[in-house]
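Enquirer: The following block contains the structure, expressed as structure tokens.
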Amino acid sequence: MLRRLEFVAYPAAAGAAFTLLALGVVTWLPALAAMGRALQRWRVDGDSRCFTNTLAAFGGYWRALWRHGLLSTAVAGVLAANTVSLLGRSEAWTFPLLAAQVGIAAAFVIHHVALAAVAGRDPDGGVRSWSTGALSLGFGSPARGTALLGAVISAVLLSLVVPLGPLLLGPSVPVLLALSFADPRRHTP
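Each residue of the sequence shown is one higher than the last, beginning at 1 in the numbering used here.
The following block contains the structure:
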């Protein structure tokens, strides 16, 4: 029984560290990558210190990803502002633009979840290799991209019943799934 609980407890601990680190607004992307590293260490090495490993890995990812995080935060802000603005209008032309905004937001989410997984698997890589790997992981297969987006949505919705559930499990479950998809052992015959 206790062995099964670790599959909730450790991702929740990593999610708690992510939430703490992401309070700095533009720090969410390095925090997501650091959480990916901690979850990867748990998956591969059995290292159960997901909270402290996320905090420890944050510095290296911050140095590498702060510009990308700043740009991504600005893009997310523009997408949110556009969506709110379009929701307030009733003209016929707003629906296609709103659909485009939702599609761009979905691609944005898939890319960043995949980026966290790729960066978590290869902490010594650079932003360029992580971005290339994230594009391949997130968009190389329609099924993988759809599963990652579905994991983001369902993790948030299904964890609503737990106090602070979306903050703790919302980011960690999709990254854990992306780490599973990126695992080369998963694709061996």
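Ideal Cβ placement from N, Cα and C applies to all residues, glycine included.
1) Thinking F51 and A34 are a contact (beta carbons under 8 Å), I'd like their distance in whole angstroms, please.
2) Can you give me the C-alpha to C-alpha distance between F181 and A56, rounded to a whole angstrom?
3) In chain order, what residues of the same chain have a beta carbon less than 6 Å from the beta carbon of S21, not counting five sequence neighbours either side?
4) If you draw a straight line from the C-alpha of A9 to the C-alpha of G24, how long is it?
5) Under three-state DSSP, which class holds D45?
6) Give every residue of the same chain whose Cβ lies closer than 6 Å to the Cβ of W130, excluding the five residues on either side of it in the sequence, and list them in chain order.
7) Leaving out five residues before and five after R49 in sequence, what residues of the same chain have Cβ atoms less than 6 Å from its Cβ?
8) Among E6, G126, R63, which has the Cα closest to the Cα of G46?
9) With 16 other CB atoms within 10 Å as the buried threshold, where does G150 fall?
10) Would you call the region 102-115 and the region 133-140 touching, i.e. three or more CB-CB distances under 8 Å?
11) Would you kindly work out how many angstroms separate the C-alpha atoms of P96 and A147, rounded to a whole number?
12) Helix or strand or just coil, what does DSSP make of R63?
13) Drop a sphere of 10 angstroms on the beta-carbon of S194, count the other beta-carbons inside from all chains shown, and report buried for 16 or more, exposed for fewer.
14) Looking at N53: is its Cβ nearer than 8 Å to the Cβ of R43?
15) Roughly how far, in whole angstroms, is the beta-carbon of G69 from the beta-carbon of L29, given that I think they are within contact range, below 8 Å?
16) If I measure Cβ to Cβ from V152 and keep anything under 7 Å in the same chain, skipping five residues before and after, which residues do I get?
17) Please go through the same chain and pick out, in chain order, the residues whose beta-carbon is closer than 8 Å to the beta-carbon of S90, but skip the five residues on each side of it.
18) From G170 to G15, what does the alpha carbon distance come to, in whole angstroms?
Expert: Checking against the coordinates, here is how it stands:
1) For the purposes of this step, residue 51 is taken as residue 51 along the sequence shown, with counting starting at 1. For the purposes of this step, residue 34 is taken as residue 34 along the sequence shown, with counting starting at 1. 11 Å between Cβ atoms; not a contact.
2) Position 181 of the sequence shown holds residue 181. Position 56 of the sequence shown holds residue 56. F181 and A56: Cα-Cα distance of roughly 25 Å.
3) The sequence position of residue 21 within the sequence shown is 21, counting from 1. In the sequence on display, residue 21 carries Leu and not Ser. Here the set comprises T27, A31, F58.
4) Indexing the sequence shown from 1 puts residue 9 at position 9. Indexing the sequence shown from 1 puts residue 24 at position 24. Distance between the alpha carbons of A9 and G24: 24 Å.
5) For the purposes of this step, residue 45 is taken as residue 45 along the sequence shown, with counting starting at 1. In this structure, D45 counts as helix in the three-state DSSP scheme.
6) For the purposes of this step, residue 130 is taken as the residue at position 130 of the sequence shown. Taken in chain order, the residues that qualify are L115, V118, A119.
7) Residue 49 sits at position 49 when you count from the first residue of the sequence shown. Answer for R49: no residue qualifies.
8) For the purposes of this step, residue 46 is taken as the residue at position 46 of the sequence shown. It is E6.
9) As a working note, residue 150 is residue 150 in the sequence shown. Under this definition G150 is an exposed residue.
10) yes
11) Your numbering for residue 96 matches position 96 in the sequence shown. Your numbering for residue 147 matches position 147 in the sequence shown. Taking the straight line from one Cα to the other gives about 24 Å.
12) Looking up residue 63 in the sequence shown gives position 63. In this structure, R63 counts as helix in the three-state DSSP scheme.
13) Because residue 194 is not part of the residues shown, which for the chain are 1 to 189, the question remains open.
14) Indexing the sequence shown from 1 puts residue 53 at position 53. Indexing the sequence shown from 1 puts residue 43 at position 43. No, the pair does not count as a contact, with Cβ atoms beyond the cut-off.
15) Stepping through the sequence shown from its first residue, residue 69 is reached at position 69. Stepping through the sequence shown from its first residue, residue 29 is reached at position 29. That pair is a contact at about 4 Å.
16) Position 152 of the sequence shown, counted from the start, is the residue given in the question as residue 152. Answer for V152: V109, V113, P174, listed in chain order.
17) Stepping through the sequence shown from its first residue, residue 90 is reached at position 90. Result list for S90: empty, nothing under 8 Å.
18) Along the sequence shown, one-based indexing puts residue 170 at 170. Along the sequence shown, one-based indexing puts residue 15 at 15. About 8 Å.
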